[in-house]
Amino acid sequence: MRRDLYQMASALLLCFLILGTAVQAAGDSSGTTLKIGTPSTVKSASILGDTNMGVFAHLSNPTLMKMTSDGKVVGLTAKSAEVSEDGKTWRFLIKDDLFWSDGEKLTPEDVKFTFDYLAKNDPAADWMSTTIESISIDNGAVVFKLNKPYSRLSLEFATYPILDKRLWENIEKPIEYTNEGEMPGFGPFYIAKTDLGAGVIYFKKNPYWKGTQPKFDSIEIHTYSNIDVLSLALQKGDVDAYYKYGWMSYPYASIQRLKDTGNFDFVETDNTGMIFLGMNLKNEPMSDLSFRKAVSYALNYSEMLKLDALGYGQVPNAGFVPPSMAYFKETPRLEYNLTKAKEILADAGYKDSNGDGILEGKDGKDIKLNFLARTDYPRVNELVIGYLKDLGIECDEKSVDSSTWIKQKDAYGYDLTITRSTPWGMLMHANWGTGYFDSRRTGAGVLHVLDDPAFQKLCDDIMASTSDSQLEDYAAEVQDYYAENLPGIALYWNKVETPYNKAFDGWYSDPLYGIFNVDNFLSVEKTG
Numbered sequence: 009m010r011r012d013l014y015q016m017a018s019a020l021l022l023c024f025l026i027l028g029t030a031v032q033a034a035g036d037s038s039g040t041t042l043k044i045g046t047p048s049t050v051k052s053a054s055i056l057g058d059t060n061m062g063v064f065a066h067l068s069n070p071t072l073m074k075m076t077s078d079g080k081v082v083g084l085t086a087k088s089a090e091v092s093e094d095g096k097t098w099r100f101l102i103k104d105d106l107f108w109s110d111g112e113k114l115t116p117e118d119v120k121f122t123f124d125y126l127a128k129n130d131p132a133a134d135w136m137s138t139t140i141e142s143i144s145i146d147n148g149a150v151v152f153k154l155n156k157p158y159s160r161l162s163l164e165f166a167t168y169p170i171l172d173k174r175l176w177e178n179i180e181k182p183i184e185y186t187n188e189g190e191m192p193g194f195g196p197f198y199i200a201k202t203d204l205g206a207g208v209i210y211f212k213k214n215p216y217w218k219g220t221q222p223k224f225d226s227i228e229i230h231t232y233s234n235i236d237v238l239s240l241a242l243q244k245g246d247v248d249a250y251y252k253y254g255w256m257s258y259p260y261a262s263i264q265r266l267k268d269t270g271n272f273d274f275v276e277t278d279n280t281g282m283i284f285l286g287m288n289l290k291n292e293p294m295s296d297l298s299f300r301k302a303v304s305y306a307l308n309y310s311e312m313l314k315l316d317a318l319g320y321g322q323v324p325n326a327g328f329v330p331p332s333m334a335y336f337k338e339t340p341r342l343e344y345n346l347t348k349a350k351e352i353l354a355d356a357g358y359k360d361s362n363g364d365g366i367l368e369g370k371d372g373k374d375i376k377l378n379f380l381a382r383t384d385y386p387r388v389n390e391l392v393i394g395y396l397k398d399l400g401i402e403c404d405e406k407s408v409d410s411s412t413w414i415k416q417k418d419a420y421g422y423d424l425t426i427t428r429s430t431p432w433g434m435l436m437h438a439n440w441g442t443g444y445f446d447s448r449r450t451g452a453g454v455l456h457v458l459d460d461p462a463f464q465k466l467c468d469d470i471m472a473s474t475s476d477s478q479l480e481d482y483a484a485e486v487q488d489y490y491a492e493n494l495p496g497i498a499l500y501w502n503k504v505e506t507p508y509n510k511a512f513d514g515w516y517s518d519p520l521y522g523i524f525n526v527d528n529f530l531s532v533e534k535t536g
């Protein structure tokens, strides 16, 4: 009898073990880790003070809104978003099934606190204090009352992580606050540890996440200051995929090496950002439209695309805005025609009267421009300076790092410069790259050189509009303005190549953050 009971108990135990294993296998692929390699180094474990850390924190502290793969802005933490007819009242209904990783429910109070707190304490969010009159809570919704119509609010709210009121209300200097240990999150994963020495951010699955279950127990972000070391880590299988914020492509010159291994596929997308030639429109001759048009014909776009992007992209249009953006309009394609460029300058009164190969300006003096060269773009700097020399324009090149570049361009201490736009930069302000040119806009990457009242009114009209059909018309006007006035000249529109190991599938990318978005980490899974 005892033996029979023992056998029965053993059989029941075996059944439970088999059932537990089956449930585990059908659930979350227990024990699996997805490793992302990135050259976006984190200098401080501060989700508000370090840009890259802030981007990675979106996985644990999702934003109120998100951008879909086709460029639409929809709810993420918010279930829905509504705006009044006058564009001054926005209502965001907060999802009721979101929980912090310690089991406490995320509430509309957390959302209200986040934006009150950011407006007061984060310099990057200072615009909120001058735009938002009040924030209130109404039946599970957070209501924002503005002092003016602002159609961009939902897009702005796709960039700020929602904060845990319990933690942050006691932090007086959030930009300086760092935490290398565990931080509560309400996304599918939360930050378990940040090891700055090893360059790794560790995420663990949120046990209280109620949405689509991720296929991994943990995510690791491995940061590398050297792209060659990162490439080797990919090839060796130390990391499973590549990512760089700003939709920066994997180095084109290294793509074939990965392809040759037979172990990698690529997510290929059109970049929303670009490298472009910026001009100080406050100085002559850049203030002369004829001069800008001549420069546009003097640039060899096909050669720059081939030499700098190895052909991964296309020659841009004069309308600046790339085809990956909403309401793209086909404006004239930029054309390399040195003969036409010289004719335009001659007709506008620019002459080489002494035959020394350098054109004189309308003041009779040789044109020698101050070319502020960022060290990030050595090849295109060299190419563009060469094209201008062929046109008869001498450049005094001053090569600087990013921090010096910011100081010099803010002081308007340059004539020409080559810089880049980011996906967010193309969307900020009144969308379609307007934030880079509007003289009223400030920021580390913007040029703020365009004070044309017609352009600024167009920006204001866009920000006040709540009609999709009206926005489409405005988008066309912006692109026509760029094509006709050339405040900046795109050098090429490139592709973003994001490699991933074939052992994983299901990658999802959006125009704002590429593959680093919540939906992607819910869809990626191990193959086989």
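Residue numbers (this note's numbering): 9 to 536.
We put the beta carbon where it would ideally sit given N, CA and C, even for glycine.
Residue(s) in a DSSP beta bridge with residue i
{"i": "N509", "result": "F272"}
{"i": "K406", "result": "L380"}
{"i": "L424", "result": "M287, F379"}
{"i": "L42", "result": "I227"}
{"i": "Y198", "result": "K212"}
{"i": "T277", "result": "V504"}
{"i": "I497", "result": "L285"}
{"i": "I522", "result": "This sequence places Gly at residue 522; Ile is not what is there. DSSP output for G522 lists D518 as bridge partner(s)."}
{"i": "K534", "result": "F512"}
{"i": "D446", "result": "L458"}
{"i": "S429", "result": "M282"}
Of the listed residues the options, nearest to residue i (C-alpha basis)
{"i": "S473", "options": "W176, T41, E93, W515", "result": "E93"}
{"i": "G207", "options": "I145, V329, S52", "result": "S52"}
{"i": "T535", "options": "G522, D518, G514", "result": "G514"}
{"i": "I470", "options": "V82, K120, V388, E485", "result": "E485"}
{"i": "F336", "options": "D246, S159, L479", "result": "L479"}
{"i": "V329", "options": "I497, A302, E390", "result": "I497"}
{"i": "S68", "options": "Y168, M256, L289", "result": "Y168"}
{"i": "E402", "options": "V392, A86, E164, E351", "result": "V392"}
{"i": "N157", "options": "G95, L380, Y516", "result": "Checking the sequence shown, residue 157 turns out to be Pro, not Asn. Ranking G95, L380, Y516 by Cα distance to P157 puts G95 first."}
{"i": "S48", "options": "N60, L56, L42", "result": "N60"}
{"i": "T538", "options": "L424, D404, T383, Q322", "result": "Residue 538 is absent from the model: the chain starts at 9 and stops at 536."}
{"i": "E180", "options": "D130, F197, Q264", "result": "D130"}
{"i": "W176", "options": "L204, V119, Q221, V303", "result": "V119"}
{"i": "E311", "options": "S54, L499, I263", "result": "L499"}
{"i": "H66", "options": "V150, E368, A127, G193", "result": "G193"}
{"i": "A166", "options": "G45, E188, D404, F123", "result": "F123"}
{"i": "D236", "options": "N378, F379, G45, E292", "result": "G45"}
{"i": "L592", "options": "P293, E405, V150, S332", "result": "Missing from the structure shown is residue 592; the chain here goes from 9 to 536 and no further."}
{"i": "K213", "options": "V63, L313, L42, E405", "result": "L42"}
{"i": "S295", "options": "D476, L163, N493, T269", "result": "N493"}
{"i": "D364", "options": "E338, Y521, K397", "result": "K397"}
{"i": "P116", "options": "K74, D172, F64", "result": "D172"}
{"i": "G394", "options": "V303, R448, K373", "result": "V303"}
{"i": "I55", "options": "E188, N291, L242, W217", "result": "E188"}
Buried or exposed (CB count within 10 angstroms, at least 16 for buried), residue i
{"i": "W98", "result": "buried"}
{"i": "L13", "result": "Because L13 carries a pLDDT of 39, less than 50, the predicted location of this residue cannot be relied on, and no value is offered for it."}
{"i": "V454", "result": "buried"}
{"i": "Q487", "result": "buried"}
{"i": "A452", "result": "exposed"}
{"i": "N147", "result": "exposed"}
{"i": "T138", "result": "exposed"}
{"i": "K350", "result": "buried"}
{"i": "P461", "result": "exposed"}
{"i": "A261", "result": "exposed"}
{"i": "N178", "result": "exposed"}
{"i": "G62", "result": "buried"}
{"i": "S301", "result": "The sequence given here has Lys at residue 301, not Ser. Per the 10 Å Cβ criterion, buried."}
{"i": "G195", "result": "buried"}
{"i": "R387", "result": "exposed"}
{"i": "E164", "result": "buried"}
>> Is it the case that the region 405-418 contacts the region 429-448, given that we only count it when at least three CB pairs across the two stretches are under 8 Å?
In response: no
> Of all the alpha helix (DSSP H) runs that stay within the bounds of the region 133-183, which reach a length of 4 or more residues?
Replying inline: 134-139, 161-164, 173-176
> Can you list, in chain order, the stretches of the beta strand (DSSP E) that have 3 or more residues and sit fully within the region 309-392?
Replying inline: 376-382
> Between the region 258-274 and the region 499-512, do at least 3 Cβ pairs fall closer than 8 Å?
Replying inline: yes
> Going along the chain, which unbroken runs of the beta strand (DSSP E) with 3 or more residues stay wholly within the region 208-269?
Replying inline: 208-213, 226-231
> Taking contact to mean at least 3 C-beta pairs separated by less than 8 Å, is the region 521-529 in contact with the region 281-293?
Replying inline: no
> Unbroken beta strand (DSSP E) runs of length 3 or more, entirely within the region 50-133: which are they?
Replying inline: 73-75, 81-83, 86-91, 97-102
>> Quick check: the region 309-321 against the region 352-363, are at least 3 beta-carbon pairs closer than 8 Å?
In response: no
>> Counting beta carbon pairs with one atom in the region 104-115 and one in the region 226-235, are three or more of them shorter than 8 Å?
In response: no
>> For the structure I just gave you, are there three or more beta carbon pairs, one from the region 302-309 and one from the region 442-449, closer than 8 Å?
In response: no
> Taking three-plus beta-carbon pairs below 8 Å as touching, is the region 73-89 in contact with the region 126-144?
Replying inline: no
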